[in-house]
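Numbered as in this note's numbering, the sequence shown ends at 285 without a single skipped number.
Note that CB positions come from ideal geometry on N, CA and C, so glycine has one too.
Here's the structure we're looking at; comments come further down.
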Amino acid sequence: MKKIVLGIVGLACSALILTGCGSSDKKEAGDDWQKIKDKGEILIGVDDTFVPMGFRDEDNNLVGFDIELAQAVGEELGVETEFVPIDWSMKEAELENGTIDLIWNGYTVTEERKQKVLFTNYYLVNDQVLVSLKESNINSFKDMKDKEVGAQEGSSGQNSFENSPELMKDFVQNNEPVLYPTFTDAFMDLESKRIDGLIIDKVFAEYYISHQAEKDIFAIAPSEYEQENFAIGCRKDATATVAKINEALKAVYDNGKAKEISEKWFGEDRLLPQE
11 MKKIVLGIVG LACSALILTG CGSSDKKEAG DDWQKIKDKG EILIGVDDTF VPMGFRDEDN
71 NLVGFDIELA QAVGEELGVE TEFVPIDWSM KEAELENGTI DLIWNGYTVT EERKQKVLFT
131 NYYLVNDQVL VSLKESNINS FKDMKDKEVG AQEGSSGQNS FENSPELMKD FVQNNEPVLY
191 PTFTDAFMDL ESKRIDGLII DKVFAEYYIS HQAEKDIFAI APSEYEQENF AIGCRKDATA
251 TVAKINEALK AVYDNGKAKE ISEKWFGEDR LLPQE
């Protein structure tokens with residue numbers, strides 16, 4: 011009997027120890043936002059060459075639509091916004107290892123990315139277009155048959171190219187794009203005729219071309235890929251942070267600040283209504 015009693019007591023103690031460990035390891039809801047609030051700043055990963063969303067001006071300052079929108083959201087939330095230039099192809103890894111709290115720089119929502127990050131509400135619509143030199147007479151995706159196409163590594167353009175092979179991948183030269191670290195590098199090769207076309211975000215293409223001295227040398231073929239949505243990417247467990255950002259996005263939309271930022275960078279209000 012004594013052995014039985016001792017055994018029961020031992021099991022009870024073990025259960026208490028395990029329960030204690032479980033409660034101490036368990037992350038409480040809202041911890042992700044509380045940590046950001048406690049440190050007073052939110053770290054945002056950006057590609058600092060992506061015009062007009064986030065890029066360096068002539069004085070090397072970070073400017074752009076997403077930069078100003080993030081700052082407006084940060085003000086609404088009462089935290090500082092700290093921008094961290096990152097290798098865009100490593101953005102999800104940087105988010106996961108805690109180098110950054112958010113990916114916010116023309117970040118397209120895809121099914122593949124949904125497996126890695128938790129997205130906020132959509133705030134902007136985008137297309138992947140095909141840019142070429144006018145003299146090449148490339149007016150559609152089919153005109154890229156046996157030609158060389160470029161894309162930014164890790165971009166949604168590369169993703170669209172891979173996931174809808176019948177639209178371009180099956181018939182371009184080598185059935186693969188030439189990958190570049192930035193769109194600026196890709197444009198240099200396009201102008202030098204080392205590639206024939208470039209799959210690129212419409213927002214980047216329109217802004218970049220409009221600011222070139224020889225803007226008339228470029229042609230933009232309409233997208234044949236599905237329309238995309240931009241959103242902000244958070245870690246998968248950062249539910250409280252996503253909720254807070256969604257609230258702040260709606261606030262800056264409702265008070266007209268987001269519209270003001272959009273008109274500054276796009277010449278019109280392109281923002282999606284926030285529910």
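Whole-angstrom distance between residue j and residue i, CA atom to CA atom
| i | j | result |
| --- | --- | --- |
| V252 | Q237 | 23 Å |
| L140 | Q284 | 30 Å |
| N184 | E158 | 8 Å |
| E92 | P191 | 23 Å |
| G64 | D211 | 13 Å |
| R123 | N256 | 19 Å |
| Q162 | S142 | 15 Å |
| K101 | I110 | 9 Å |
| R280 | L259 | 14 Å |
| G55 | K225 | 30 Å |
| C244 | L112 | 5 Å |
| D35 | I242 | The pLDDT assigned to D35 is 41, lower than 50, so where the model puts this residue is not dependable; a value taken from the coordinates is nonetheless given after this. Spanning the two alpha carbons is a distance of roughly 28 Å. |
| W98 | G266 | 31 Å |
| T249 | Q44 | 12 Å |
| I227 | K254 | 45 Å |
| D199 | N131 | 35 Å |
| S220 | A229 | 12 Å |
| L72 | D58 | 7 Å |
| D41 | S170 | 35 Å |
| L189 | G84 | 34 Å |
| K203 | G74 | 29 Å |
| Q168 | K49 | 36 Å |
| A196 | N173 | 21 Å |
| L128 | K246 | 5 Å |
| L134 | G116 | 9 Å |
Residue i: first and last residue of the uninterrupted alpha helix (DSSP H) it sits in
| i | result |
| --- | --- |
| Y263 | T249 to D264 |
| I110 | Here I110 belongs to no alpha helix (DSSP H), and DSSP marks it neither H nor E. |
| I271 | K267 to F276 |
| K124 | E121 to K124 |
Secondary structure of residue i, DSSP reduced to three states
| i | result |
| --- | --- |
| L134 | strand |
| Q162 | strand |
| L143 | strand |
| L282 | coil |
Neighbour flag for residue i against chain D, beta carbons, 8 Å
| i | result |
| --- | --- |
| A250 | Protein chains in the displayed structure number just one, and chain D is not present. |
Contact belief for residue i with residue j at Cβ below 8 Å, rounded distance in angstroms
| i | j | result |
| --- | --- | --- |
| Q81 | S233 | At roughly 30 Å, the Cβ-Cβ gap does not stay under 8 Å, so Q81 and S233 are not in contact. |
| P62 | Y217 | 4 Å |
| I271 | L79 | 5 Å |
Original post:
Quick one: complete beta strand (DSSP E) runs, 3+ long, within the stretch 178 to 242?
Top reply: The stretch 178 to 242 contains these whole beta strand (DSSP E) runs: 188 to 190, 207 to 211, 228 to 231 and 238 to 240.
**OP:** Just list the beta strand (DSSP E) runs in the stretch 41 to 95, keeping only unbroken ones of 3 residues or longer that don't cross its boundaries, in chain order.
**Re:** Counting only runs of at least 3 residues, the stretch 41 to 95 fully encloses the following beta strand (DSSP E) elements, listed from N- to C-terminal order: 51 to 56, 64 to 66 and 90 to 95.
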